[in-house]
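Novice: Take a look at this one; I'll ask things after.
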Amino acid sequence: MDDGVEAGAGVNKRFRAFEPAAVMLVPPSLDEWLPQNHLSRFIADIVETQLDLKKFYASYAKTKGQPPYDPRLMVRVLLYGYCVGVRSSRELERVCVDVVAFRWLAAQQAPDFRSIARFRKRHLSSLGNVFLQALELCRAAGMVSLGQVALDGTKVRANASRRKAMSYARLTEKQKVLADEVSALLADADAIDDAEDARFGKDKRGDELPPELARRESRLVKLAEARAALEADAAARARKDAEKKARDKGDDDDVVSKKGDDAAKNAVVAPKAQRNFTDPDARIMKTADGSFHYTYNAQAIVDADHQVIVATTLTNIAVDVEQVVPMIEKLHATMGTLPAEVLVDAGYCSAANLDYAKTVEAASDGRTEFFIATGRVKHGERVPDVPRGRIPADATLRERMARKLKTKKGRAAYARRKAIVEPAAAKSARILSNQLRIGVTGTRS
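If you number the sequence shown the way the UniProt record's numbering does, the last residue is 445 and the count never jumps.
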């Protein structure tokens, strides 16, 4: 071949020079490989000029040990990774070598996945504050107006297998079997101790229990903890139900408390009640495909302007109905104000939530308005297809809300709910799912 002519190509065709083994005489600048309008440059500017990283630096009080990676580097990599959908610590290590944008953000230092994971876990609270600062920046930039927000929930798979759970009835049976096995092994422990003392010497802990015994004792402790947790859950549910029934009957506080104590004391755990060993906080829930898995319920409130998530949380309660009040309160605490319109689907509709919505609307003098889907109209409810005239004085809160959603304003507002919240809620769920896998979500309700 001559002059770069490829075998089989046209005789007069020239190709660009391709020399993989060529050596660069002048060191290349990685900065020249990245477009000026690239998202990574924006992330770098935000970290350098806008974010307060004092909490990160303040946590490094000791001077001993190997120098850690600069928090600016790690925050740049993590923020950009979240933006482009790279959240795995191992994957972040790979892209810091393979992808120009990540190499530029990391200044070619390429932190390993253990350092990335440790940094994320160590600075979980500070990272949460960074996202709060980012939310404030979005608001200052006009990306969050709180004119219209929507709340939704989605199931997030827990990092737990249904095969790693055990029913209460089987827990009890298995405990007895393991207890017998441990007792039998303990009977041999004294004889084994003497032999191991002679074999390993007095200073080598030769009197330790055999590994098999230690393993089974550990297993027995886990079984006991799981059984106690199931019993505590059953007692709590029994107490709650008994106290509710007592209050509904009009009993005074002392009677309500006594009935709750009696119910808790006599609570019986359902034989099929389960407890998972891998992730005890996870609960069996029905997922979108109709199957049942150990999952969490991720909640998100999204602003309509640019689909910025302004509040999010993770719960192990399967139904959404209990999340309206805590999510609105969390939004209020984060942003310092309430939105003009709150759009919520029928999964959140309840008498308590409708009453809460009425209270908030009254306290805000109409500046905040709720649009909560009421689902199917129940038998006997009076909701005209096209509301006209005055609302009946004896109309229930549910009838009033259903009537509002049938008005021109109500239909126009609620029609925006799905487009606002569902894409962003799904993204929030993916982030929370990844955090579950690396164990950094913190306390879960």
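Backbone N, C-alpha and C define an ideal beta-carbon position, used for all residues, glycine too.
Keep in mind it's a predicted model, so treat the numbers as computed, not measured.
1) Counting pairs of beta carbons, one from the stretch 304-311 and one from the stretch 278-295, are three or more of them closer than 8 Å?
2) Between A22 and the rest of its own chain, which residues show a CB-CB distance below 6 Å, the 5 nearest in sequence each way excluded?
3) Spatial neighbours of Y57 within its chain, please: CB distance less than 7 Å, with the 5 preceding and 5 following residues excluded, ordered by chain position.
4) Among the residues of its own chain, which have a CB less than 6 Å from the CB of F370, if the five just before and after it don't count?
5) Determine the burial state of K13: buried for a count of at least 16 other Cβ atoms within 10 Å of its Cβ, exposed for fewer.
6) From what residue to what residue does the beta strand (DSSP E) around K358 run?
7) Nearest by alpha-carbon distance to A340: which of E361, A333, C349 and V324 is it?
8) Can you check which of these residues, L146, Q66 and N37, is closest to L331 by C-alpha distance?
9) Label S29 either buried or exposed according to how many other C-beta atoms from any shown protein chain fall within 10 Å of its C-beta, with 16 as the threshold for buried.
10) Can you tell me where the beta strand (DSSP E) with T295 in it begins and where it stops?
11) Determine, using beta-carbon pairs with one atom in the stretch 27-43 and one in the stretch 60-68, whether at least three such pairs fall under 8 Å.
12) Taking the alpha-carbon positions, what's the R416 to V77 distance?
13) Is the separation between the beta-carbon of V86 and that of L79 shorter than 8 Å?
14) DSSP state of E208, grouped into three classes?
15) Locate the beta strand (DSSP E) running through K286, then write down its first and last residues.
16) From R398 to A318, what distance separates their C-alpha atoms?
17) Among K418, Q109 and P392, which residue has its Cα nearest to the Cα of A304?
18) In whole angstroms, give me the CA-to-CA distance for F131 and Q36.
19) Using a Cβ-Cβ cut-off of 8 Å (strictly less than) and excluding sequence neighbours within five positions of D112, which residues of its own chain qualify?
20) Using the C-alpha atoms, what's the distance from I328 back to S257?
21) Taking DSSP as the reference, what is the three-state secondary structure of D152?
22) If we count the other Cβ atoms within 10 Å of its Cβ and call it buried at 16 or more, is G153 buried or exposed?
23) Assign K409 to buried or exposed, taking buried as 16 or more other Cβ atoms, counted over all protein chains shown, within 10 Å of its Cβ.
24) The alpha helix (DSSP H) that contains residue 460, what's its start and end?
25) Determine the contact status of S364 and L338, defining contact as a CB-CB distance below 8 Å.
26) Where does L25 sit, in a helix, a strand or coil, going by DSSP?
27) Checking 8 Å against the spacing of the C-beta atoms, do A150 and I372 come in under that value?
28) DSSP state of T312, grouped into three classes?
29) As a quick exercise: from A107, A106 and S89, pick the residue whose alpha carbon is nearest that of R120.
30) So, with DSSP's three-state summary, where would you put I372?
31) Determine the contact status of R247 and G260, defining contact as a CB-CB distance below 8 Å.
32) Quick one: is N353 buried, meaning 16 or more other Cβ sit within 10 Å of its Cβ, or exposed?
33) What residue does the beta strand (DSSP E) around E341 start on, and which one ends it?
34) Determine the DSSP secondary structure at A410, reduced to helix, strand or coil.
35) If you count every other CB in all the chains shown that lies within 10 Å of the CB of R103, and 16 or more means buried, which is it?
36) Sorted by chain position, which residues of the same chain lie with C-beta nearer than 8 Å to D31's C-beta, five sequence neighbours on each side aside?
Specialist: Taking the coordinates as given:
1) no
2) The beta carbon of A22 sits closer than 6 Å to none of the beta carbons in its chain outside the five residues before and after it.
3) P71
4) V342 and A357
5) exposed
6) Careful: K358 lies outside any beta strand (DSSP E), inside the alpha helix (DSSP H) at A351 to A363.
7) E361
8) L146
9) exposed
10) F292 to D303
11) no
12) Looking at the two C-alpha atoms, the distance is approximately 34 Å.
13) no
14) With a pLDDT of 45 at E208, under the threshold of 50, the modelled position of this residue cannot be trusted; read the value that follows with caution. Three-state result, E208: coil.
15) K286 -> beta strand (DSSP E) spans R283 to K286.
16) 23 Å
17) K418
18) 24 Å
19) E93
20) 30 Å
21) strand
22) buried
23) exposed
24) The structure shown does not extend to residue 460, since the chain spans only 1 to 445, so no value can be given for it.
25) yes
26) Of the three classes helix, strand and coil, the one that applies to L25 here is coil, per DSSP.
27) no
28) strand
29) Ranking A107, A106 and S89 by Cα distance to R120 puts S89 first.
30) strand
31) no
32) buried
33) Secondary structure note for E341: its beta strand (DSSP E) is the uninterrupted segment E341 to V344.
34) Strictly speaking, residue 410 in this sequence is Gly, with Ala absent from that position. Three-state DSSP puts G410 in a helix.
35) Classification for R103: buried.
36) W104
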